[in-house]
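One structure is given below, encoded as structure tokens.
There are 2 protein chains.
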Amino acid sequence: MAINKLELFEEGLRRNAALFKALGHPARLAVLKYLAGIKTCICGDISNELPLSRTTVNQHLKELKKVGLIKGEVEGVKTNYCINPEKVEWLEKTLTSFIEEIKTSSGIIKTEDDCC
Amino acid sequence: MAINKLELFEEGLRRNAALFKALGHPARLAVLKYLAGIKTCICGDISNELPLSRTTVNQHLKELKKVGLIKGEVEGVKTNYCINPEKVEWLEKTLTSFIEEIKTSSGIIKTEDDCC
DNA sequence: AATATATGACGTATTTTTGCGTCAAATTAC
DNA sequence: GTAATTTGACGCAAAAATACGTCATATATT
Numbered sequence: 006m007a008i009n010k011l012e013l014f015e016e017g018l019r020r021n022a023a024l025f026k027a028l029g030h031p032a033r034l035a036v037l038k039y040l041a042g043i044k045t046c047i048c049g050d051i052s053n054e055l056p057l058s059r060t061t062v063n064q065h066l067k068e069l070k071k072v073g074l075i076k077g078e079v080e081g082v083k084t085n086y087c088i089n090p091e092k093v094e095w096l097e098k099t100l101t102s103f104i105e106e107i108k109t110s111s112g113i114i115k116t117e118d119d120c121c
Numbered sequence: 006m007a008i009n010k011l012e013l014f015e016e017g018l019r020r021n022a023a024l025f026k027a028l029g030h031p032a033r034l035a036v037l038k039y040l041a042g043i044k045t046c047i048c049g050d051i052s053n054e055l056p057l058s059r060t061t062v063n064q065h066l067k068e069l070k071k072v073g074l075i076k077g078e079v080e081g082v083k084t085n086y087c088i089n090p091e092k093v094e095w096l097e098k099t100l101t102s103f104i105e106e107i108k109t110s111s112g113i114i115k116t117e118d119d120c121c
């Protein structure tokens, strides 16, 4: 893209898009699933679970942290990563309300074949 | 990326990630909102609503069509785009079930501060 | 103190995405 | 028939994402 056009869209759309984007890579979904399953914070050996190098995984962790879906807590030389429950709740609300908006403003709930 | 590593992840994650990715751009969210609001299929003048060129919008439409969230129906020289209700329903189910999986396998519902 | 380990910062190469202009084909209007 | 519209295909350039290696730093371990 020649120019960055992202700021031409309204704030809400940009925020939602950023959230979706963060979830738009299998590695990051895998990280979330893994962290969810571990429950107790593991010391950043997540890379062993994925078919990616440690530095690459680190980058994905950074992305997830950026949108707040995970937290990283330094403990000595190690770092404990875990899911941020509040953000997951917020994610769910955001997504469902967006979809609900789509569904209601289109007539999905009531009408059938109004369209096409 | 030197090599394409995507196929190293399991099918389910890849499908979900692809879906999230399609929603990971404000222009595409804007298109969805617009189509939802229009209800009746408009003849592809969506580009007038967005701060992007026609060809760029066309590309985004292609992306949305690829994941099935919208349908395009040719009518003479024009093309009518509209939201695919079934896919939106499916999207909602997919998202909520993924999030639910995260929430239950981590102990978000019951425990507090088990983690971090 | 010397060594080993864990981590993030940095740089780099490759691929993908984004954005747009141009063009050709098809259709509609005149 | 001729001109105008609408659209998708194609190609191209800039930007971002992806993947990884190397390095420096900080903390354990010996």
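Chains D and X supply the protein sequences, listed in that same order.
If you count by the numbering used here, then the first sequence holds residues 6 to 121, one letter each, in order.
If you count by the numbering used here, then the second sequence holds residues 6 to 121, one letter each, in order.
Here a beta-carbon is modelled for each residue, glycine too, at the ideal position from N, C-alpha and C.
- C-alpha of D:F25 to C-alpha of D:G81: approximately 33 Å in a straight line.
- Put simply, of D:C48, D:G29, D:L69, D:K67 the residue whose alpha carbon is nearest the alpha carbon of D:V79 is D:C48.
- Close partners of D:I104 in chain X (Cβ separation under 8 Å): V93, L96, E97, L100.
- In the three-state scheme derived from DSSP, where H, G and I count as helix and E and B as strand, X:V79 is classed as strand.
- Judged by DSSP in its simplified three-state form, X:N21 adopts helix.
- About 12 Å separates the Cβ atoms of D:L66 and D:G73, ruling out a contact at the 8 Å cut-off.
- As the crow flies, the alpha-carbon of X:C87 is around 5 Å from that of X:I75.
- Listed by position along chain D, the residues whose Cβ is nearer than 8 Å to that of X:I107 are L37, K38, A41, I88, V93.
- At least one CB atom of chain D sits nearer than 8 Å to the CB of X:L13.
- For D:L18, the closest alpha carbon among the candidates D:E68, D:A32, D:I104 is that of D:I104.
- Taken in chain order, the unbroken stretches of beta strand (DSSP E) that lie wholly in the stretch 32-103 of chain X and span 3 residues or more are 75-80, 83-88.
- In this structure, DSSP gives X:S110 a helical state, which the three-state scheme calls helix.
- Around the Cβ of X:S111, a 10 Å sphere holds 16 or more other Cβ atoms; the residue is buried.
- Restricting attention to X:K83, X:E12, X:K44, X:A32, the CA atom closest to the CA of D:H30 is found in X:E12.
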